[in-house]
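Residue numbers (this note's numbering), protein chains in the order written: chain A, 118 to 322; chain B, 118 to 322. All residues carry an ideal CB built from backbone N, CA and C; glycine is no exception. Report on the following structure.
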């Protein structure tokens, strides 16, 4: 059984999509082992508890980044997770955190990276005037929205789009792309060549 | 009749796609008034002459940028062009050139801008490891691959893609997108709001 650790800071809609994929067989032999949040009282934590999943708030205030990271790392290691999935986790991970799970932390970002890293990617995209937007599931490294790309999905920008309507259509793609990307990483049929995430040994080529 | 001026430096495959669109009615009431190249003996100039189109080589060597630009501008003005279309024209336009045709110069770039401006965009995209590539038709301003975006088309990156195979699939989309973008600009039903190219007055919303 593959074990996932989820980090979130809000409603955790991608967490719910991943959880559903583990229940429906889209993500076979996979379970969510622990859900962690840097914020208390967020809907994502409550949703995790409703589903009977171990869920913990890890306080940030009044602690050094090293203390905070240590608790995250210990919780994830105690839960014996194979993969850490960020699902609306709104903090940059420290280099020590990233190093503790090499090539084992994933995130989803609401743009076709390398375009529009950082906050408010959908608004950035609209203001730049792109006609194609999308989402990216990628490995996390110590740079913002920068690690190796696992999967991307394009979303057409409509003439009447607002940041809200565009975000909603991108989110639909995120919810499909994230479980699919997790399945690819867990399958062990892919590896990283330079910055490319490719099938091993030409078995899918 | 709308009149187009084409600038190229090589085979001019996008020029040929635009020319075909003027012949087949995809670009109605539109003709190519002049084809200019900064290089002699390129296939694009020969192809223009075969089609009976006015075609001129404008030498660059031994002339100042101002002298060179002046000849381009004069040739385009003499041909009474409504729109200047760069089709594989491998030089950055001077601010004076851009200012002579405000919001009237188009280019196509083989990436989903703002990702991968500059040379070898397809190779940049592969090396960065994106899973979605594409092309962008945009207005030209004095910055490299930066003007307002008229139209973009996404192209899936395949696991076995090389720069050559990816470029070939993107080029197919360029040949469809460029005439369509020209038609939108000439239709006068669109205008620029900030950096967004949108239908006027909500007539298409």
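| query | result |
| --- | --- |
| Distance between residue 256 (chain A) and residue 153 (chain A) (C-alpha atoms, nearest Å) | 19 angstroms |
| Test: residue 323 (chain A) CB closer than 8 angstroms to a CB of chain B | Past the boundaries of the shown model lies residue 323 (chain A); chain A is included only from 118 to 322, so the question cannot be answered. |
| Reduced DSSP category for residue 321 (chain B) - H, G, I as helix; E, B as strand; rest coil | A caution first: residue 321 (chain B) carries a pLDDT of 47, below 50, which makes its placement in the model unreliable, though a value can still be read off. Note: residue 321 (chain B) maps to coil in three-state DSSP. |
| Terminal residues of the beta strand (DSSP E) in which residue 308 (chain A) lies | 307-310 |
| Simplified DSSP state of residue 316 (chain A), which is helix, strand or coil | strand |
| Beta-carbon contacts of residue 204 (chain A) that lie in its chain and below 6 angstroms, excluding the five residues immediately before and after | 123, 125, 129, 131 and 132 |
| Opening and closing residue of the alpha helix (DSSP H) in which residue 131 (chain B) lies | 130-141 |
| Cβ-Cβ separation, residue 173 (chain A) to residue 185 (chain A) (assumed contact under 8 angstroms), whole Å | Not quite, the Cβ-Cβ distance comes to about 13 angstroms (not below 8 angstroms), so this is no contact. |
| Own chain, CB closer than 8 angstroms to residue 280 (chain B), minus 5 neighbours either side, in chain order | 237, 239, 240 and 243 |
| C-beta neighbour in chain A for residue 314 (chain B), strict 8 angstroms | yes |
| Span of the alpha helix (DSSP H), counted from its first residue to its last, around residue 283 (chain B) | 280-304 |
| Chain-order list of residues whose beta-carbon lies under 7 angstroms from that of residue 304 (chain B) (same chain, five-residue window excluded) | none |
| Nearest-angstrom Cα separation, counted from residue 263 (chain B) out to residue 233 (chain A) | 15 angstroms |
| Neighbour flag for residue 245 (chain A) against chain D, beta carbons, 8 angstroms | You won't find chain D in this structure, because its protein chains are A and B. |
| C-alpha gap between residue 314 (chain B) and residue 268 (chain B), whole angstroms | 9 angstroms |
| Whole-Å CB distance - residue 247 (chain A) paired with residue 274 (chain A), under 8 angstroms assumed | 6 angstroms |
| Chain A contact for residue 238 (chain B) (CB, 8 angstroms cutoff) | no |
| Residue 270 (chain B) (DSSP reduced to helix, strand or coil) | strand |
| Burial state of residue 321 (chain B) (16 or more Cβ within 10 Å) | Confidence in residue 321 (chain B) is poor, its pLDDT being 47 and thus under 50, which makes the residue's placement too unreliable to answer from. |
| 8 angstroms Cβ cut-off: residues of chain A touching residue 269 (chain B) | 247, 248 and 249 |
| Proximity test, Cβ basis, 8 angstroms: residue 151 (chain A) and chain B | no |
| Assigned exposure category for residue 270 (chain A) - 16 Cβ within 10 Å defines buried | buried |
| Any chain A beta carbon closer than 8 angstroms to residue 170 (chain B) | no |
| DSSP state of residue 150 (chain B) mapped onto helix, strand, coil | strand |
| Burial state of residue 228 (chain B), where buried means 16 or more other Cβ atoms lie within 10 Å | buried |
| Short CB-CB distance (under 8 angstroms) between residue 287 (chain B) and chain A | no |
| Candidates B:143, B:159, B:168 and B:141: closest to residue 100 (chain B) by CA position | Coverage of chain B is limited to positions 118 through 322, which leaves residue 100 (chain B) absent and any answer about it impossible. |
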